[in-house]
Amino acid sequence: MSSAQRQQAEIQQAAARVMARADELAAISETPDVLTRVYLSPQHLAANQRAALWMTQAGMTVWQDSVGNICGRYEGEQEGAPAILLGSHLDTVRNAGRYDGMLGVLTAIEVVDSLHRQGRRLKKAIEIVGFCDEEGTRFGITLLGSRGLTGTWPESWLAQTDADGVSVAQAMVLAGLDPARIHLAARRQEEIAAYLELHIEQGPCLEQEGLALGVVEAINGARRLNCRFTGEAGHAGTVPMSHRKDALAAAAEWMVRVETLTREQGGNRVATVGT
6 MSSAQRQQAE IQQAAARVMA RADELAAISE TPDVLTRVYL SPQHLAANQR AALWMTQAGM
66 TVWQDSVGNI CGRYEGEQEG APAILLGSHL DTVRNAGRYD GMLGVLTAIE VVDSLHRQGR
126 RLKKAIEIVG FCDEEGTRFG ITLLGSRGLT GTWPESWLAQ TDADGVSVAQ AMVLAGLDPA
186 RIHLAARRQE EIAAYLELHI EQGPCLEQEG LALGVVEAIN GARRLNCRFT GEAGHAGTVP
246 MSHRKDALAA AAEWMVRVET LTREQGGNRV ATVGT
């Protein structure tokens, strides 16, 4: 076997490991028929443990930080040098795809594992972060993991509750975390040299153009608004149109206006209305 053939075989084996591990993580779900794994649920904590095992096998020092991110460090040649951060999120939406977020964590582990098996180290350390919450599925607030890492977690979030009335603070305690220690998850800017994340394409552009890879130059900022349209009920056959205050009609008009304004602005702007 030539060196090129050997390298290609190793690449295929690495890809197969990533896909197999994605299948393993996808089996850690609240329900067996669809993938759902929300922040600080037993399933989320189990996924953290599985990722921690793989990080350890790849020669990393592993810990779970004070907001629930699972982290691993592969030391570089320059001790104490800023680290290159790799990773993505391990939580999901309800009825999720098995590669959203997980692919970024698993490929990062595979990169470090490859270095470890070769006995190689970069000049800088590599750290992997499996973010605990990106989707905001459980509590309706998003990016809890990265907000913890950047030290921008609002204290008011601790009182936010899920559908069962459990607050973020209560969920943290049940998961063995201390809400008073959230600040310890924050990283100093000088500790981080760069951040890189591999992510699936969640749109059609690369696929339609037949491209295997796209390099992201910027990330869209996201803003979520909860809107309430209030109207007045009346008889469907006898209330004149001039007297009607139909909340649904107002909401429909507003939704069309959002669509129109977004298209007029052009560029990479998108807007979505849902319930």
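So for the sequence shown, the numbering used here puts the first residue at 6; every next one is plus one.
Glycine included, every Cβ here is placed at the ideal spot set by N, Cα and C.
Computed from a predicted model, the values in this text were never measured in an experiment.
Here GLY150 is actually not in contact with ASP167; their C-beta atoms are around 17 Å apart, not less than 8 Å. Closest in alpha carbon position to ALA252, among ASN100, VAL39, HIS94, ARG233, is ARG233. For GLU140, the three-state secondary structure derived from DSSP is coil. If you ignore the 5 residues before and after ALA176, its C-beta comes within less than 7 Å of the C-beta of LEU45, all in its own chain and listed in chain order. With contact defined as three or more Cβ pairs closer than 8 Å, the region 218-234 and the region 94-109 are not in contact.
If you draw a 10 Å sphere on the C-beta of CYS210, you find fewer than 16 other C-beta atoms in it, and that means exposed. A contact between stretches requires three or more CB pairs, one per stretch, nearer than 8 Å, and the region 109-123 fails this requirement with the region 153-170.
In the three-state reduction of the DSSP assignment, GLU84 falls in the coil class, being assigned neither a helical nor a strand state. Distances from the alpha-carbon of ARG125 to those of GLU206, GLU80, VAL43, PRO87 put GLU80 closest. In the three-state reduction of the DSSP assignment, HIS94 falls in the strand class, which pools E and B. Restricted to the region 193-249, the alpha helix (DSSP H) segments that are unbroken, complete and at least 4 residues in length are 210-214, listed in chain order.
For the 8 Å CB-CB criterion, ALA256 and ASP70 do not form a contact.
Shown here, THR36 sits in coil according to DSSP, grouped into three states, outside any helix or strand. Between GLY153 and THR147, the CB-CB gap reaches or exceeds 8 Å. In the structure shown, SER172 falls within a strand segment according to DSSP collapsed to helix, strand and coil. About 44 Å separates the beta carbon of ALA164 from that of LYS128, a gap too long to meet the 8 Å contact definition. Residues GLU115 of the same chain have their beta carbon placed closer than 7 Å to that of ARG22, with the five preceding and five following residues left out of the count. Bounds of the beta strand (DSSP E) holding ILE75 are 75-79. From the listed residues LEU111, ALA25, THR66, the smallest Cα separation to HIS204 is found for LEU111.
Annotation: the region 100-146 contains the following complete segments of the alpha helix (DSSP H) (minimum length 4 residues), in chain order: 107-123. For THR66, the enclosing beta strand (DSSP E) starts and ends at 66-69. Non-local beta-carbon contacts of ALA276 in its own chain, meaning distances under 6 Å to residues more than five positions away in sequence, involve VAL263, THR267 in chain order. In this structure, the straight-line span from the alpha carbon of PRO47 to that of ARG229 is close to 27 Å. Using a Cβ distance threshold of 8 Å, GLY73 and LEU182 count as a contacting pair. Of the candidates GLN10, GLU237, GLU195, the residue whose Cα lies closest to the Cα of ARG249 is GLU237. When THR155, ALA199, GLY272 are compared, the shortest CA-CA separation from HIS188 is found for THR155.
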